[in-house]
Structures are given as structure tokens and as C-alpha cells.
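Undergrad:
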Ligand SMILES: Nc1ncnc2c1ncn2[C@@H]1O[C@H](COP(=O)(O)OP(=O)(O)OP(=O)(O)O)[C@@H](O)[C@H]1O
Ligand SMILES: [Mg+2]
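Protein chains in written order, with the numbering used here: chain A, 158 to 398; chain B, 60 to 365.
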């Protein structure tokens, strides 16, 4: 297994954001993470990427325990995350944003020249090539989401954690995003964990889905199984409809 | 090609300025000395504050500490070795002091940096009082043309350093810290390490500048060596010129020193007022400074932060 989540608990003061989460992600897999607002999905990503420490439990990446490591060390191991609320380097150009990832991530491409070259290729993959020289702050929401993806890709990850990269996009943009993700996954040999509210997108992309509800894991299975799971329907789909 | 032309021009300028030392009078050498001093200071300030966004209002702490280290070893080692040592000592101490200091961000760092300079000033004052010294004269300092040349050298090194860091992997990391420290860490930037390095590098040259400065003034007095005016002046120069790349501080210093020569002589009372208005105007309307504005207007570089 590439990534193992073992009995993870996370408390914020009195609030239990996650409890008893157990699942693992295999090489090359696309795993979906779904759940209503506040279910704890983003918190789980923060724990994996090292921005917060679990209250209890362990996270194992390629056999190595990674909770307690710093985010930059985790990035160097080959784990990349994107932010649900985008965090571009607004005052830098789009290309500079991506180049920084290439220079410091797991790739450690040391020369600016090679990093720029590689970054341009990634910008082409995510269809932001035309905006390479523009200030990142000038992008649209769809552009920001792609930039998040590009920055993560540039670090040369083995696994990429996508936090609602399709939220707020038009149906056409969602379709484009899915095909971009799938193309990059193949091209860069990635394992993908994707949080998404857009159910159809999840069903289309994922081989397996984990469902969180109020911090607990209530189901795990193929998209087919999940869409017929009575607990999920009651807890999650029921709320949505 | 364009770059090599720039380089040739820069070399010609430096050689010319160095040559001036041979025949110029005290007045010209004095102005040159001041210009080079502030170029060296403002460029160093940019390495930390311009690139990482940790705005230091207490950069005089390096200047004063360098001067103090220098005066303590004055006479014990050859002059230029002493200058070099003050830079190294201050740089090494910064690596320790920077660790706690750089844990605070934004306005808190601004205040802390200012406070740190005041703290060190008072520590030095107390130490001097304990030894019954109120000021230390510097006897037998090198001639002005030598100090001028040394300061020119520091200005060149500082400018080259900023230019190089700005285009390096290190600089890319620093600028990402300025934009969003947490997001930078997420893509692998070891933020704590880079900030600390920038802090120390940013202190080395100002320390040497401080050492050379007291040879020119002929006296060390902690009140003067740690005066906040030096901090404010270098910040103003860097911001007015543009604090994201080496040409900025250069333009800012030349602009302000010329303005100063013009105003100080004729209307000294309005000088500080004009300086204040300029700083305010630039921060509000031209945050990228003269260089940022020029490169946007004439070279089409989209550097404006909107
Ligand atoms: N840093 C924090 N401090 C305190 N509480 C937090 C913190 N981060 C998250 N929470 C709380 O933990 C719970 C889970 O939040 P999280 O952001 O992980 O949910 P989510 O599943 O990503 O929701 P959404 O679909 O809205 O993005 C929420 O109740 C949230 O308010
Ligand atoms: Mg979330």
C-alpha cells in the first residue's frame, strides 16, 4: 500500500473532527472522499500533508510513519495537496508559481532553467500555457483551481490530494477538469485522492469511494456500491435531495 | 546579448567609480561614500524584507552591532580583517537570534525588529557604561579614498548578491514565503531554514558597512551607531526604488541622495516632510517602486500587485 490511514482521530478542543478513520490507498488508484459539509474531509488532508497532527493514530506512507513530519518534508517524500480555498502566490507570475514547486518538491530540479522548462510543460497539461507570464492574481476561479493542480504536479508527487478542485466550476469546466486530471494521472504515474461534492464527477473518476459523516467513516466501496448503500443514502444523499 | 551589454555597462560604471577615488575631492568622495553605503544597506534589506516580506524596521541592529564588534577588536587585528570579522560575527549571531525572531509574522515582526534594535542598543549602552566608556574614538583610520573604495566594493557585492539571489532557487523560495508561507511549505519550501538564512545574509553586509562607517565618522557611540534613522532611511530607499529586485534599491538610493543634496542645502526643514510624503505616496500608489513602475510601463513586465 502507498498510503495507510490507521485509526486516525482529530479533535479541535471539544470538537471531534475525525474519529477512527481507517483506510488505505494503493499504487495507481483513484480514491474518492465524500461527505457533507464539515464531515472532516479537508481536515484529513491537512493531517496527511503535515499541516496538523492527528490526536491519535498514525499515517504511513510507503512504510514510513509521516505524522509529526513538517509539510515540506512530506512534500519531499512525494505527497502533494491542493487547497479547497485556493492559495496562489498572487504577486508572482503563473509560471513562477509552478516553478517554485518544481524547485523544491520531491523532484528537486535545482536549476531555474530546467524547472521553468518542466513547469511550462505542466502548464500545457493543465491548459494554462497562455497565462504563463501573467500574474497569478489575475486568473479566474477555474484558473486558480488549475494553478493549484499545476503547483502540486510540479513537485513531482507520487500521490496527489485534490480538495474540491471542481467546486464552483461550470459543467463544461468540470468536464475539462476531469479530463485534465485523468491525463495527468496517466502521464505522471499518479495515485489520486479526490474530495468532491460533485457526485457525478466522483462516480466517473474513482475506483473506490470512502464516505465520511460527522467525522466518522460510514462506508467504503465502489461507486456502484456507494450509490446503493442505505446508510450513505440516508446520511448523505438524503440531505442533498 | 542584452544581458551582456548590461554587464559591460555595469563594469564600466564600477571601474569609473573606483577610478574617481584617485583624484576626486573630499566632497565628491563623501557623497560617493554615502551613496554606496545606502546601496549596500538597501540591497541587504531587500534580501530579507523585499523577498520574504518580513519587513524589518530595525536593520540598523546589524549596522550598529558590526560597528561595535569592529571597535572592540580595533587595533588587535589588521583593519580590513577587522571589517570582515565584524560581518562574520554578526552573521553567525544572527543565525541564533533569527530563530525566535522569525517566528512572528506581519506587523508583529515589524515591531519586534524595531524593538530588537533598541534592545541591542541599550545592551551596548549598559555594557559601555559598565566599562566607564561613553564613546570610543577611532584613531588612525584609513584615508577617505580608501574607505570610499571599500564602500564601493560592498555596494557592488550587495547589489550582485541581491541580483543573484533574486534569480536563484533560494530566491524563488524566499519570494514564495512572501506570498504565502504555508502554501510555500506545502510545495516543499523549507521556510524556517530559508528565512533564517535570508536573515543572516541580510545582516552580514550592513555589519561591515557599520564598521567602515565609524572609521569615517571617527567615533563610536551606541546612540549614533544604532540610530533608527538609518533603518528608516534604508527602508524608504528600498521601497521608493522597488524592493523586489536589485535595480530597485539602486534607483531609490540615487534618487533620494540627490534629492537630499538638493533639499538639505536649500530647505533642510522640508526635507523630512517630503521624505514622509514620498514614502506614503509610494506605499499607497506605487507599491512596486520606481523600478517596478518603470519595468511595467516600458518593458511590459506585469509586476504590479493588484
Ligand atoms: N483549525 C480548525 N480549528 C477548529 N475547528 C476546525 C478546524 N478545521 C476544521 N475544523 C472543524 O472541523 C470540522 C471538519 O471540517 P473540514 O474542513 O475538515 O470539513 P470538510 O469535510 O472539508 O467540509 P467542506 O465540505 O465544507 O469543505 C468542521 O466542523 C470544522 O468547523
Ligand atoms: Mg473541505
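Positions of the beta carbon are idealized from the N, C-alpha and C atoms, including for glycine. Small disclaimer: the values here were computed from a predicted structure and weren't measured.
1. Which residues does DSSP list as the beta-bridge partners of residue 163(A)?
2. With DSSP as the reference, label residue 165(B) as helix, strand or coil.
3. Identify the residues that DSSP records as bridge partners of residue 376(A): which are they?
4. Look up residue 239(A) in the DSSP assignment and say whether it is helix, strand or coil.
5. Could you tell me which of 246(B), 256(B) and 171(B) sits nearest to residue 229(B), measuring between CA atoms?
6. What residues from chain A crowd round residue 164(B), counting only those whose CB sits closer than 7 Å?
7. Would residue 193(B) be called buried (16 or more neighbouring beta carbons within 10 Å of its own) or exposed?
8. Just the Cα atoms here: how many angstroms apart are residue 177(B) and residue 223(B)?
9. Quick one: which residues of the stretch 210 to 230 of chain B get their C-beta closer than 8 Å to a C-beta of chain A? List them in chain order.
10. Any Cβ of chain A within less than 7 Å of the Cβ of residue 283(B)?
11. With a cut-off of 8 Å on the beta carbons, I'd call residue 264(B) and residue 129(B) a contact; round off their distance for me.
12. Suppose contacts are defined by Cβ-Cβ distances below 7 Å. Is residue 342(A) in contact with residue 349(A) by that definition?
13. Is any beta-carbon of chain A found at less than 7 Å from that of residue 355(B)?
14. Closer than 9 Å, Cβ to any Cβ of chain B: which residues of the stretch 208 to 226 of chain A, in chain order?
15. As a quick exercise: from 202(B), 186(B) and 161(B), pick the residue whose alpha carbon is nearest that of residue 195(B).
16. Return helix, strand or coil for residue 361(A), following the three-state DSSP convention.
17. How would you list, in chain order, the residues of chain B whose beta-carbon sits under 9 Å from the beta-carbon of residue 246(A)?
18. Would you say the stretch 200 to 211 of chain A touches the stretch 328 to 338 of chain A, given that touching needs at least three Cβ pairs under 8 Å?
19. Kindly indicate which three-state DSSP category residue 355(A) falls into: helix, strand or coil?
20. Going residue by residue through the stretch 166 to 217 of chain A, where are the continuous beta strand (DSSP E) segments of at least 3 residues, counting only ones entirely within it?
21. Measure the C-alpha to C-alpha separation of residue 260(A) and residue 303(A) and round it to an integer number of angstroms.
22. Would the beta-carbon of residue 368(A) fall within 7 Å of that of residue 191(A)?
23. Once the 5 residues before and after residue 291(A) are set aside, which same chain residues still bring their CB inside 6 Å of it?
24. For residue 226(A), which option in 92(B), 311(B), 245(B) and 168(B) has the closest C-alpha, if you only look at C-alpha atoms?
25. Give the range of the beta strand (DSSP E) segment to which residue 319(A) is assigned.
26. How would you list, in chain order, the residues of chain A whose beta-carbon sits under 8 Å from the beta-carbon of residue 367(B)?
27. Comparing the CB of residue 245(B) with every heavy atom of ligand 2, is any distance shorter than 6 Å?
28. Just to confirm my understanding: we take residue 351(A), look at its own chain, exclude 5 residues before and 5 after, and list those with CB closer than 6 Å. What are they?
29. In terms of alpha-carbon separation, which member of 212(A), 262(A) and 306(A) lies closest to residue 228(A)?
TA: Let me spell this out:
1. Position 6 of the first chain, counting from 1, holds the residue named residue 163(A). BP columns for residue 163(A) point to 215(A).
2. As a working note, residue 165(B) is residue 106 in the second chain. Correct three-state label for residue 165(B): helix.
3. As a working mapping, residue 376(A) is identified with position 219 in the first chain. Paired residue(s): 368(A).
4. Residue 239(A) sits at position 82 when you count from the first residue of the first chain. Coil at residue 239(A), not helix or strand.
5. In the second chain, counting from the first residue as 1, residue 229(B) sits at position 170. Per the Cα distances, 256(B).
6. Within the second chain, the letter at position 105 stands for residue 164(B). What residue 164(B) touches in chain A: nothing, since even the nearest Cβ is about 15 Å away.
7. As a first step, residue 193(B) is located in the second chain; it is residue number 134 there, counting from the start. Classified as exposed, residue 193(B) has fewer than 16 neighbouring CB atoms from the shown chains inside 10 Å of its CB.
8. In the second chain, counting from the first residue as 1, residue 177(B) sits at position 118. In the second chain, counting from the first residue as 1, residue 223(B) sits at position 164. Distance between the alpha carbons of residue 177(B) and residue 223(B): 32 Å.
9. 226, 227 and 228
10. For this step, residue 283(B) is matched to residue 224 along the second chain. No, its Cβ sits nowhere closer than 7 Å to a Cβ of chain A.
11. Mapped onto the second chain, residue 264(B) falls at position 205. Mapped onto the second chain, residue 129(B) falls at position 70. The distance from the Cβ of residue 264(B) to that of residue 129(B) is about 14 Å, inconsistent with a contact at the 8 Å cut-off.
12. As a working mapping, residue 342(A) is identified with position 185 in the first chain. As a working mapping, residue 349(A) is identified with position 192 in the first chain. The answer is yes: Cβ separation under 7 Å.
13. On the second chain, position 296 is the one that residue 355(B) refers to. Answer no: the Cβ-Cβ gap between residue 355(B) and chain A never drops below 7 Å.
14. 208
15. Indexing the second chain from 1 puts residue 195(B) at position 136. It is 186(B) whose Cα lies nearest to the Cα of residue 195(B).
16. Within the first chain, numbered from 1, the residue matching residue 361(A) stands at position 204. DSSP places residue 361(A) in helix when its eight states are reduced to three.
17. Reading the first chain from its first residue, position 89 is the one you call residue 246(A). Neighbours of residue 246(A) on chain B, chain order: 234, 235, 237, 238, 239, 242 and 243.
18. no
19. Residue numbering aside, residue 355(A) sits at position 198 when the first chain is read from its first letter. Coil, per DSSP.
20. 172 to 182 and 187 to 191
21. Within the first chain, residue 260(A) is the residue found at index 103, counting from 1. Within the first chain, residue 303(A) is the residue found at index 146, counting from 1. In this structure, the CA atom of residue 260(A) is about 19 Å from the CA atom of residue 303(A).
22. As a first step, residue 368(A) is located in the first chain; it is residue number 211 there, counting from the start. As a first step, residue 191(A) is located in the first chain; it is residue number 34 there, counting from the start. A contact, by the Cβ cut-off of 7 Å.
23. The count along the first chain starts at 1 and reaches residue 291(A) at position 134. Hits under 6 Å: 251.
24. For the purposes of this step, residue 226(A) is taken as the residue at position 69 of the first chain. Among 92(B), 311(B), 245(B) and 168(B), the Cα nearest to that of residue 226(A) is on 245(B).
25. By 1-based counting over the first chain, the position of residue 319(A) is 162. Here the beta strand (DSSP E) through residue 319(A) covers 316 to 320.
26. This structure does not reach residue 367(B), given that chain B is present from 60 up to 365, and the question cannot be answered.
27. In the second chain, the residue the question calls residue 245(B) occupies position 186. Flag unset: Cβ of residue 245(B) not near ligand 2.
28. What you label residue 351(A) is simply residue 194 of the first chain in a count that begins at 1. So the list reads 189 and 319, once near-sequence residues are dropped.
29. As a working note, residue 228(A) is residue 71 in the first chain. Taking only the C-alpha atoms, the option nearest residue 228(A) is 262(A).
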